[in-house]
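Chains as they are written, first to last, in this note's numbering: chain A, 582 to 1036; chain B, 81 to 187.
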Amino acid sequence: MSPTWVQLAYLVAALCFVLALKGLSTPKYARAGNLLGAAGMALAVVTAYVHGAVHNGLLILLAVAAGVVVGIPAARSVKMTAIPQMVALFNGVGGAAAALVALTEFLAVPHGSVLFQVATVLTVLIGSVSFSGSVVTFLKLQEIMTTRPVLLPAGQLLGLGVAAVSALLALSVVLTGSSVLLVLLALAGLALGVLFVLPVGGADVPIAISLLNAFTGLAVAASGYVLANTLLIVAGTLVGASGTILTRLMAQAMGRPLTNILFGAFKATSVAAATDEQRTVRAGTVDDVAIMLGYAHSVLVVPGYGLAVAQGQHAARELAQVLEQRGVTVHYGIHPVAGRMPGHMNVLLAEADVPYEHLKELDDVNPGIGSVDVVLVVGANDVVNPGARDEPSSPIYGMPIFDVDRAKAVVFMKRSMRPGFAGVDNSLLYNPKTTMLFGDAKESLTKLLAAVKQV
Amino acid sequence: MIDLLTIFVLAVFVGFEVVSKVSTILHTPLMSGANAIHGVILVGAILITGRAEHALEITLGLFAVFLATVNVVGGFVVTDRMLEMFKGHRTAKPVKSAANGHKEVGE
């Protein structure tokens, strides 16, 4: 048993974590909550070091220093557009750390109680799944590998097979206390994580990240049983539970059940069939669009990840300001999953100083969308795809969308006719109300800005 | 052992309760903040390395300390950067922002 002061310090740290999560769920206290969480963490880590680092004190300090040297610059320099994959990476290393902790403890004390053995195999298994799964989500979001769902031949059978092998290995570790089998279990967990994330489509990857985040929390909680440490149990469980809720909320925001997102790998072929018909697309020039915008009463901008990638947020804001000076009402329609994660687009626009009160959500926009003169879709695609509303065969069917096809006119700014992140064809492109403006979002916006000033 | 189980069950309920109502805007920062909190595995990593005596255990333990530290500091810093973007944007007319900035520093 640890001395009383250590237990008390852990209790204070646990309280800090609870309050941190509470703070992070309200806009007003979010930042303070995060800082409180960091303070609790500092307290817990210093306590553990003072009390527990009997040996290897200097080496531990060096390892911490190395972690700080890697972690802080990475977190500081990452672009706001790339935040989701950074979160995925941080989550992955946390899972790996949990698995290593349990593995190391097992090597030191291979024959503990049954509870200890069970907790060890759980930590190693879940931690490994979380690590390899997170790495795959990183590769997908960074577009190092394809963002489409990857369907291996007999992938489901393979997944079930690996899961069965993992369960067998876990059982035999508990029965035999063999560390070789435990290492094999870790490898099986790594394979399982990869197989789990591969079939998840690009637009759904953030939900997988959120779920893996909850997994890491559970791995940490299980490691708390391995080390009989209450702080690890409390903090890990908090993250596991809140992460599960958060994952469900995200799935709700996309209007689809979680099982469908994780296991219902997109049947991409069902939609592509119609593409060979001769459907025409109307491409406009910058000047056409400038006139449409300049003489409109109300304009709705629907930004997407493409805007952020092109770093076009500032140009979009300037264009909105010029239009407002002409008396045009400009609002931004922010879809819950615009960007790569729920709330990601709000962060990106806040970075570009777009006034908060101009950002409208789905429920504010859709009822009055019929009276909007021009909808300017910049770098978004799936969130305005009418297929999500009208076509039960569409892979994104059920996701709430902006009903921009009901507005008077639509201008679609796009680099090419390529489908969006989810890889789904969009019938809005062929709508007679739609004018296409091809090109890089930032360049087009800048040209448009100059043209509107001339109108 | 029942003690630990009690703690687990209560923590599950606290975790559910704490985030049950959260606006979409905060999903990403909340996920990232929770991500930083599970970096508490650093405590576990320090404890096992602190009593490790064999080279293999020390090596594995130190690697765990390194990874967990990356998780902790990276997680908190990235969350803070995201939340910084929201700072004072309810009153975000550029002209007024300087004055508001001062007020916020004072809080």
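Built from N, CA and C at the ideal position, the CB exists for glycine as well.
Bounding residues of the alpha helix (DSSP H) (the contiguous stretch that carries residue i)
i: residue 139 of chain B; result: 135–166
i: residue 665 of chain A; result: 664–689
i: residue 822 of chain A; result: 811–834
i: residue 796 of chain A; result: 786–807
i: residue 904 of chain A; result: 894–906
i: residue 628 of chain A; result: 611–633
Cβ-based burial, residue i [other Cβ within 10 Å; buried from 16]
i: residue 988 of chain A; result: buried
i: residue 715 of chain A; result: buried
i: residue 692 of chain A; result: exposed
i: residue 995 of chain A; result: buried
i: residue 126 of chain B; result: buried
i: residue 837 of chain A; result: buried
i: residue 107 of chain B; result: buried
i: residue 864 of chain A; result: exposed
i: residue 986 of chain A; result: buried
i: residue 173 of chain B; result: Residue placement at residue 173 of chain B is poorly supported in this model, since its pLDDT is 37, which falls under 50; the coordinates are not used for a value here.
i: residue 737 of chain A; result: exposed
i: residue 916 of chain A; result: buried
i: residue 902 of chain A; result: exposed
Local conformation of residue i per DSSP, three classes
i: residue 659 of chain A; result: coil
i: residue 948 of chain A; result: helix
i: residue 782 of chain A; result: coil
i: residue 922 of chain A; result: coil
i: residue 884 of chain A; result: strand
i: residue 96 of chain B; result: helix
i: residue 112 of chain B; result: helix
i: residue 732 of chain A; result: coil
i: residue 873 of chain A; result: helix
i: residue 995 of chain A; result: strand
i: residue 701 of chain A; result: helix
i: residue 879 of chain A; result: strand
i: residue 1027 of chain A; result: helix
i: residue 598 of chain A; result: helix
i: residue 721 of chain A; result: helix
i: residue 891 of chain A; result: coil
i: residue 983 of chain A; result: coil
i: residue 956 of chain A; result: strand
i: residue 1034 of chain A; result: helix
Under 9 Å between C-beta atoms of residue i and residue j
i: residue 710 of chain A; j: residue 773 of chain A; result: yes
i: residue 123 of chain B; j: residue 635 of chain A; result: no
i: residue 800 of chain A; j: residue 704 of chain A; result: yes
i: residue 622 of chain A; j: residue 111 of chain B; result: no
i: residue 964 of chain A; j: residue 888 of chain A; result: no
i: residue 165 of chain B; j: residue 661 of chain A; result: yes
i: residue 604 of chain A; j: residue 610 of chain A; result: yes
i: residue 687 of chain A; j: residue 158 of chain B; result: no
i: residue 893 of chain A; j: residue 795 of chain A; result: no
Where the beta strand (DSSP E) through residue i begins and ends
i: residue 914 of chain A; result: 910–914
i: residue 102 of chain B; result: Segment: none, residue 102 of chain B is in no beta strand (DSSP E) and carries neither H nor E.
i: residue 1016 of chain A; result: 1015–1019
Proximal chain C residues relative to residue i, where beta-carbon distance stays under 7 Å
i: residue 104 of chain B; result: In the structure shown, chain C does not exist; the protein chains are A and B.
- [ ] May I ask you to list, following chain order, the residues of the region 645–658 of chain A that have a beta carbon less than 9 Å from some beta carbon of chain B?
- [x] Those residues of the region 645–658 of chain A that come within reach of chain B (Cβ to Cβ, closer than 9 Å) are 645, 646, 647, 648, 649, 651, 652, 653, 655, 656 and 657.
- [ ] Check distances from the C-beta atoms of the region 802–819 of chain A to those of chain B and list, in chain order, the residues that come in under 9 Å.
- [x] 802, 804, 805, 806, 807, 808, 809, 810, 811, 812, 813, 814, 815, 816, 817, 818 and 819
Open item on the list: Give me the subset of the region 116–136 of chain B whose CB atoms are less than 9 Å from a CB atom of chain A, sorted by chain position.
Closed with: Only 116, 117, 118, 119, 120, 121, 122, 123, 124, 125, 126, 127, 128, 129, 130, 131, 132, 133, 134 and 136 from the region 116–136 of chain B bring a Cβ to less than 9 Å from some Cβ of chain A.
Task: Under 9 Å (Cβ pairs) to chain A, residues found in the region 150–161 of chain B - done: 150, 151, 152, 153, 154, 155, 156, 157, 158, 159, 160 and 161
Task: Short-range partners of chain B found in the region 602–615 of chain A, where Cβ spacing is below 8 Å - done: 602, 603, 605, 606, 607, 608, 611, 612, 614 and 615
TODO: Could you run through the region 82–103 of chain B and flag, in chain order, every residue whose CB is less than 8 Å away from some CB of chain A?
DONE: 84, 87, 88, 91, 92, 93, 94, 95, 96, 98, 99, 100, 101, 102 and 103
Open item on the list: Please list, in chain order, the residues of the region 925–938 of chain A that have any C-beta partner in chain B closer than 7 Å.
Closed with: 925, 927, 928, 931, 932, 934, 936 and 937
TODO: Residues of the region 723–734 of chain A with a CB closer than 7 Å to any CB of chain B: list them in chain order, please.
DONE: Cβ contacts with chain B: none found.
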